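Residue numbers (the working numbering): 651 to 782.
Pasting the structure below:
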């Protein structure tokens with residue numbers, strides 16, 4: 651293994667651990683976002699009506715469940731286990747879809763979370779813990 655490969659792998663490992671931190675943080679924030687939507691529907695202003703519209707209570711519960719799952723997988727990602735990495739990619743992809751559908755309610759937040767989920771997928775898919 652060349653020095654360039656190990657340096658690149660070290661950088662990727664650092665970004666992947668950062669991805670785990672991002673997942674935990676995003677999961678916690680999505681949980682609280684869901685609580686806000688369930689507790690008080692007036693917190694969010696609905697813009698353009700879309701075909702896939704749910705009421706805010708339903709979206710709140712979706713974000714609560716998704717937030718718990720994202721945070722749990724983020725914590726598991728710290729172990730570097732193969733199942734945790736695969737789960738992180740799948741959960742981040744589901745989070746992208748959920749936040750795309752959430753755009754009418756909170757557009758800037760949704761776009762930010764989609765971008766962070768893309769970073770998580772990239773980081774986790776390029777990380778090879780056995781090579782480190």
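Where a beta carbon is used, it is the ideal one built from N, C-alpha and C, also for glycine. These figures come from a predicted structure and were not determined experimentally.
- DSSP places residue 731 outside both helix and strand once states are collapsed to three, so it counts as coil.
- For residue 767, the enclosing alpha helix (DSSP H) begins and ends at 757-776.
- Minimum Cα-Cα distance from residue 673 among the listed residues 731, 720 and 726 corresponds to 720.
- Apart from the 5 residues on each side of it in sequence, residue 713 sits with its Cβ closer than 8 Å to the Cβ of 680, 681, 683, 684, 687, 748 and 752 in its chain, given in chain order.
- In this structure residue 666 is in contact with residue 774, their Cβ atoms being roughly 6 Å apart against a cut-off of 8 Å.
- Residue environment analysis places residue 761 among the exposed positions, since fewer than 16 neighbouring C-beta atoms fall within 10 angstroms of its C-beta.
- Nearest to residue 676 by alpha-carbon distance, out of 690, 733, 718 and 754, is 718.
- At the C-beta level, residue 726 and residue 738 come within 9 Å of one another.
- Taking residue 734 as reference, the option from 689, 770, 690 and 678 with the minimal CA-CA separation is 770.
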